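My numbering applies: residue 1349 is where the sequence shown begins, and numbers increase by one. Here a beta-carbon is modelled for each residue, glycine too, at the ideal position from N, C-alpha and C. All figures in this text were calculated on a predicted structure; none of them were measured in a lab.
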Amino acid sequence: MPDPDLDPLLCTYVIEETPPSDEWYAFEEGVALAGVMGAQWISEHVESPTEELNEWLSQGYRKHLRRAKTKDFDKLVDEVPGLILEGSYGRLFASVLHRKSTAPKTLNRLQLSGFKVSERRAKLPAAPLEIMVNESLSMSFGKAAVAAAHAAQNIFLKYHSEPTPSFDNWINHGFSATASQGLVEPSSVQYAQVEDFGLTEVPAGSITALAQLR
1349 MPDPDLDPLL CTYVIEETPP SDEWYAFEEG VALAGVMGAQ WISEHVESPT EELNEWLSQG
1409 YRKHLRRAKT KDFDKLVDEV PGLILEGSYG RLFASVLHRK STAPKTLNRL QLSGFKVSER
1469 RAKLPAAPLE IMVNESLSMS FGKAAVAAAH AAQNIFLKYH SEPTPSFDNW INHGFSATAS
1529 QGLVEPSSVQ YAQVEDFGLT EVPAGSITAL AQLR
């Protein structure tokens, strides 16, 4: 069972406004960005692993996501080292590995309350990595996003020491990913899935997400 105090943060800010086109990316783009972020994060740390990172990896990559308003988000990224990705409707931040017991107060004040997921589906462009979130589990946006990040990290760790042409293509495209909701059944032989510990929202052993290389 993972240590609940050892927790890297994925934090998203979603701009709630009228979309500039017919394509609505609130859920799918946010989840896809989390997948890209997860892969970028692990790729930057795995080559020079710390004792804390090895502990985190051995415990199943526990993580969570919180929502921030613009002012809080800007303050957070000023105070905490990490990575930032820009999307069409928001920005996603992944912090350095930290323990929640020593996390900055700015981080602990953030929350996901009030986030609404549109039932309309996005039409994301094809990408070298496809992430499928298990629709049957009816996960919240935060749960789905961290599952996607976990799936992307799983597939990176699975193939980075013995890369395939599809893996190299994914790296060369900046870990580009697309995401959707549906059944988590692979259509590629190069895939990795996430089995949940059952600490929040879903039963233990649930397959929350699957990532596959095209």
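task = On a CA-only basis, which of L1485, Y1539, S1396 and V1425 is nearest K1453? Give me that one, please.
result = Sequence index remark: in the sequence shown, residue 1453 carries index 105 (1-based). Measuring from the Cα of K1453, the nearest candidate turns out to be V1425.
query = What three-state label does DSSP hand T1548 in the structure shown?
reply = On the sequence shown, position 200 is the one that residue 1548 refers to. Of the three classes helix, strand and coil, the one that applies to T1548 here is coil, per DSSP.
request  = May I ask you to report which of helix, strand or coil DSSP gives L1505?
outcome  = Within the sequence shown, residue 1505 is the residue found at index 157, counting from 1. If DSSP states are grouped into helix, strand and coil, L1505 belongs with the helices.
ask   = Ordered along the chain, which non-local residues of its own chain (more than five positions away) have a Cβ less than 8 Å from that of T1512?
value = Numbered from its first residue, the sequence shown carries residue 1512 at position 164. Contacts found: Q1538 and L1561.
ask   = Who does V1542 pair with in a DSSP beta bridge?
value = Looking up residue 1542 in the sequence shown gives position 194. BP columns for V1542 point to A1557.
A1557 to A1492 span [Cα, whole Å] = By one-based count along the sequence shown, residue 1557 stands at place 209. By one-based count along the sequence shown, residue 1492 stands at place 144. Distance between the alpha carbons of A1557 and A1492: 8 Å.
message = Residues in the same chain with beta-carbon distance under 6 Å from F1441, minus the five sequence neighbours each way, listed in chain order, please.
response = Position 93 of the sequence shown, counting from 1, holds the residue named residue 1441. Excluding residues within five positions, the ones whose Cβ falls inside 6 Å are C1359, V1425, G1430 and I1432.
task = Using alpha carbons as the reference points, say which of L1547, F1489, R1439 and N1402 lies closest to D1420.
result = Counting from one through the sequence shown, the residue named residue 1420 turns up at place 72. Residue R1439 is the option with its Cα nearest to D1420.
inquiry  = At the level of alpha carbons, what is the spacing between A1474 and H1498?
reply    = Against the sequence shown, residue 1474 aligns to sequence position 126. Against the sequence shown, residue 1498 aligns to sequence position 150. When rounded, the distance between both Cα atoms is 20 Å.
query = Can you give the Cα-Cα distance for L1445 and D1355, rounded to whole angstroms?
reply = In the sequence shown, residue 1445 corresponds to position 97, counting from 1. In the sequence shown, residue 1355 corresponds to position 7, counting from 1. Looking at the two C-alpha atoms, the distance is approximately 7 Å.
inquiry  = Taking 9 Å as the threshold (C-beta atoms), are D1516 and S1449 in contact?
reply    = Mapped onto the sequence shown, residue 1449 falls at position 101. Mapped onto the sequence shown, residue 1516 falls at position 168. No, Cβ-Cβ distance for S1449 and D1516 is not below 9 Å.
message = Quick check on the DSSP output: the alpha helix (DSSP H) that includes G1386 runs from which residue to which?
response = For this step, residue 1386 is matched to residue 38 along the sequence shown. First-last of the alpha helix (DSSP H) with G1386: E1376 to H1393.
ask   = By a C-beta neighbour count over all protein chains shown, 10 Å radius and 16 as the cutoff for buried, is E1399 buried or exposed?
value = Here residue 1399 is taken as the residue at index 51 of the sequence shown, counted from 1. With fewer than 16 Cβ atoms within 10 Å of its Cβ, E1399 is classed as exposed.
query = What's the gap between the Cα of E1510 and the Cα of L1413?
reply = Here residue 1510 is taken as the residue at index 162 of the sequence shown, counted from 1. Here residue 1413 is taken as the residue at index 65 of the sequence shown, counted from 1. Between E1510 and L1413, the C-alpha separation is close to 31 Å.
query = Can you tell which of L1531, E1549, A1540 and A1527 has its C-alpha closest to the C-alpha of V1379?
reply = Position 31 of the sequence shown, counting from 1, holds the residue named residue 1379. When each option's Cα is compared against that of V1379, the closest is A1527.
message = Rounding to the nearest angstrom, what Cα-Cα distance links G1522 and G1386 in this structure?
response = The count along the sequence shown starts at 1 and reaches residue 1522 at position 174. The count along the sequence shown starts at 1 and reaches residue 1386 at position 38. Each residue's alpha carbon lies about 12 Å from the other.
message = DSSP has I1479 in a bridge; who is on the other side?
response = Within the sequence shown, the letter at position 131 stands for residue 1479. In DSSP, I1479 forms a bridge with A1527 and A1559.
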